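Going from the sequence shown to this note's numbering is simple: count from 1 and add 353. Ideal placement from N, C-alpha and C gives every residue a C-beta, glycine not left out. In this text the structure is predicted, and so the values were computed from the model without any measurement. Heads up: the structure comes next, in structure tokens.
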Amino acid sequence: MHWLDAAIERQTTRRAFLIGTGVGAAGFAFGQARLHRTLAAPTFATDPFTLGVASGDPAPDGFVLWTRLAPDPLVTGGGMTAEDVEVRWQVATDDAMRAVVQESTLLAQPEWAHSIHVEVAGLEPDRSYWYRFAAGEATSEIGRTRTAPAAGTLPQRFRFAFASCQRWPDGFYTAYRDMAAQELDLVVHLGDYIYEGGITNGVGPRKPDLAAEVRAEATTLARYRLRYALYKRDPHLQAAHRNAPWLVTWDDHEVVNDYANDNAPPRRDPREFLNRRAAAYRAYYEHQPLRWGTIPAGPDAQLYRRLAFGDLLAFNMLDTRQYRSFPTLTCPESEHAANGGYCAASRDPERTILGAAQKRWLLDGLATTTARWPVLANQVVFSRWNLNADPRTPSYGGSGDKWDGYAAERDAVVRAMAAIGARRPLDPIVITGDIHSNWVYDIKADWDRLDSAPAVGTEFVGTSISSEGDVRGIPIIRCGGTAANPHQRFYNDSRGYVLSTATPDRWLTQYRAVASVSDPNVPATTIATFVAERGKPGAQQDGACPASQ
Ligand code: FE
Ligand code: CA
């Protein structure tokens, strides 16, 4: 059987199987017959819940619960035998798990690295729940999660954090320590959850001492699984997952640096690359609280999806990697000069970063949204960004990995935002990761008339959790526009994450920064706050510009 057909068969079997176990014994017997011996009462020499617990993709009536059994997480197989293991799960309305409202059993299977994805339904909207897992005598920690507000309601306040880029050897997850202490409705992760590259023992604040198979560049399913296990053992990351439901999407490093669609630089045999992508996507699914609808079929997985939180906000979770035109562009300065600052190909309307289906889905969603704040949860910088200090000789294409490398498509999205916004308030908010620094931009209706064109939306770019490690010297804080980028509102190079609070008429964004990621326990501070008012796209700074710290 072709591996793709085999993947589809597994997916179908697993879905039928999971649904079956939820409702009665028939599906259970089917699972046993088809797969492995089942251990109903496994015994573990050490705690199997070393990778923590997580929840995600909240709906008004439920969410996904996740864990993975791995008593020995940094060896291939996680210390588990090739047997199915019964895992019990419980959902309660209190943090001591006294008032259990749902519970059942699922099988953790070796094909899926003994991960568990429970789709819980039938709960009340807009409230907190607590959950835990058990296998044999072992019990997981208790996680807190929330259902989404009901459709048609207008919540008065919604508070979420967003984060990206957590290269493990570069530093501790100090920022997650602060995030885990916040009262949050949601956490959004914009990608680079893992980095695939090789790790050098002894280098960096964590002073790694890892076995060869864990250090090696992740290229196979076994190695991607080890990489997730390495990252997910971090106590601050686990605490942030226990604190709130997460909405995740990926960027490039979940597979390989700067990949696009079916290839990555340097160009290689796409079949070889797609095999690697299939392994990477599968390991991603296995380690995230995702719904069964995102189970990969070979190298394909539909991760783009929309989640609404009443009529207050809706997250369009974008995937700007899987469908984008290859290659990402770089070009000489002379080409910029001849093409208004772009690489010539950037303006080719055939080039796409979303792919045709996702683009249609996004534009349809913006046209019909009832959300006060439609959010584009996005990987790479969306706004035009002149890399040249002199506005007379612009250069937008030098880092063609971002939306400037797909300018024709970006500008089509901006025109759609402007057209919808001319008829009724739209107020799109783009949240972005990838570049390991904080930025705020007004999204302009016309990038060639930055001074006079109105803003049609607002972009908040969040820095890395740990990637690139501690800033050398004093962190830079720059408020307001520059000659080359008058639509820029803010720049800062600290490590940290972003806190956002949506209310019906006002959007508030706070940039949280940590002084060091060489120390896992230093506090975070808010270094700058921006607001967007409903019906007036664009950001205003709230308070004075802080001095560089
Ligand atoms: Fe990154
Ligand atoms: Ca990236």
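Contact with chain B by Gly524, beta-carbon distance below 8 angstroms: No chain B is present in this structure, which holds just one protein chain.
Minimum C-alpha distance to Asp799 - residue among Asp764, Ser790, Ser819, Ile782: Relative to Asp799, the option among Asp764, Ser790, Ser819, Ile782 whose CA is nearest is Asp764.
What are the boundary residues of the alpha helix (DSSP H) that Pro588 is part of? Where Pro588 is concerned, the enclosing alpha helix (DSSP H) stretches over 588 to 596.
Is there contact between the stretch 774 to 793 and the stretch 874 to 888, where contact requires at least three CB pairs shorter than 8 angstroms? For the pair of segments examined, the stretch 774 to 793 was found to touch the stretch 874 to 888: the number of CB pairs separated by less than 8 angstroms reaches three.
Looking only at C-alpha atoms, which of Ala661, Ala697, Ile784, Val471 sits nearest to Tyr864? Closest option to Tyr864, Cα to Cα, is Ile784.
Let me confirm a value: Gly896 is counted as buried when at least 16 other C-beta atoms fall within 10 Å, else exposed. Which label applies? Under this definition Gly896 is an exposed residue.
Those runs of the beta strand (DSSP E) which lie wholly inside the stretch 835 to 900 and span at least 3 residues: The stretch 835 to 900 contains these whole beta strand (DSSP E) runs: 841 to 845, 848 to 856, 859 to 867, 877 to 886, 889 to 894.
Where does Glu536 land, buried or exposed, given buried means 16+ other C-beta within 10 angstroms? Burial call: exposed.
Please classify Gly718: does DSSP put it in a helix, a strand, or coil? Annotated three-state conformation of Gly718 is helix, per DSSP.
Determine contact between the stretch 598 to 616 and the stretch 450 to 462, defined as no fewer than three beta-carbon pairs at a distance below 8 angstroms. Taking 8 angstroms as the limit for Cβ pairs, the verdict is that the stretch 450 to 462 does not touch the stretch 598 to 616.
Identify whether Glu762 lies in helix, strand or coil by the three-state DSSP scheme. In this structure, Glu762 counts as helix in the three-state DSSP scheme.
Tell me His542's beta-bridge partners as DSSP assigns them. According to DSSP, which records beta bridges pairwise, His542 is partnered with Ala516, Val601.
With a CB to CB cut of under 7 angstroms and the five nearest residues on each side skipped, what residues in its chain are close to Phe626? Around Phe626: Asp615, Asn616, Ala617.
For a test of your reading of the model: does the CB of His606 fall under 7 angstroms from any non-hydrogen atom of ligand 2? Yes or no. If you check the C-beta of His606 against ligand 2, you find a heavy atom less than 7 angstroms away.
Closer than 7 angstroms: is that where the CB of Asp545 sits relative to any heavy atom of ligand 1? Distances from the CB of Asp545 to the heavy atoms of ligand 1 include at least one below 7 angstroms.
Rank Glu812, Cys832, Asn838, Asp846 by C-alpha distance to the C-alpha of Glu821 and give the top, closest one. Asp846 is the residue among Glu812, Cys832, Asn838, Asp846 whose C-alpha sits nearest the C-alpha of Glu821.
Check Ala449 in the structure and name its three-state DSSP category. DSSP places Ala449 in coil when its eight states are reduced to three.
Starting from Tyr482 and walking both ways along the beta strand (DSSP E), at which residues does that stretch end? Unbroken beta strand (DSSP E) run through Tyr482: 481 to 488.
Which residue comes first and which comes last in the beta strand (DSSP E) that contains Phe662? From DSSP, the beta strand (DSSP E) with Phe662 extends over 658 to 662.
Continuous alpha helix (DSSP H) assignments of at least 4 residues falling wholly in the stretch 532 to 583: List check, alpha helix (DSSP H) in window: 565 to 568.
So who's on the other strand from Ser408, going by DSSP bridges? In the DSSP assignment, Ser408 forms a beta bridge with Leu418.
Neighbourhood of Gly786 by C-beta, 7 angstroms cutoff - its chain only, sequence neighbours within 5 removed: Ser517, Cys518, Leu543, Gly544, Asp545, Asp604, Gln732, Gly815.
Would you report the Cα separation of Cys696 and Pro685, rounded to the nearest angstrom? Each residue's alpha carbon lies about 8 angstroms from the other.
Please list the segments of the alpha helix (DSSP H) lying wholly inside the stretch 721 to 793, counting only runs of 4 or more residues, in order along the chain. The qualifying runs are 760 to 776.
Tell me the DSSP secondary structure of Ala369 in three-state form. No answer about Ala369 holds up, because its pLDDT of 38 lies below 50 and its placement is not dependable.
Rounded distance between the beta-carbons of Ala582 and Ala423, thought under 8 angstroms: Their Cβ separation, rounded to whole angstroms, is 6 angstroms, which keeps Ala423 and Ala582 in contact under 8 angstroms.
Taking one C-beta from the stretch 433 to 441 and one from the stretch 500 to 513 each time, how about it: are there three or more such pairs within less than 8 angstroms? No: the two stretches stay apart, fewer than three of their Cβ pairs being nearer than 8 angstroms.
Using C-beta distances below 7 angstroms, list every residue in its chain close to Ala569, excluding the 5 sequence neighbours before and after it, in chain order. Contacts found: Gly551, Arg576.
Local conformation of Arg635 per DSSP, three classes: It is helical.
On the CB-based measure, 16 or more other CB atoms within 10 Å of its CB, does Lys560 come out buried or exposed? Lys560 should be labelled exposed.
Identify every residue that forms a DSSP beta bridge with Thr811. Bridge pairing for Thr811: Ile782, Asp795 [DSSP].
What does a CB cutoff of less than 8 angstroms around Val875 pick up in its chain, not counting 5 residues either side in sequence? Within the same chain, and ignoring the five residues on either side of Val875 in sequence, the residues whose Cβ sits closer than 8 angstroms to its Cβ are Thr527, Val867, Ala868, Ser869.
For the structure I just gave you, are there three or more beta carbon pairs, one from the stretch 705 to 717 and one from the stretch 806 to 815, closer than 8 angstroms? No, the stretch 705 to 717 is not in contact with the stretch 806 to 815.
So does Asp523 have its beta carbon nearer than 7 angstroms to some heavy atom of ligand 2? No, the beta carbon of Asp523 sits no closer than 7 angstroms to any heavy atom of ligand 2.
Pair within 8 angstroms by beta-carbon distance, Val417 and Asp425: Against a cut-off of 8 angstroms, the Cβ pair of Asp425 and Val417 comes out as no contact.
In the DSSP assignment, find the unbroken beta strand (DSSP E) run with Glu472 in it and report its ends. In the DSSP assignment, Glu472 falls within the unbroken beta strand (DSSP E) covering 468 to 473.
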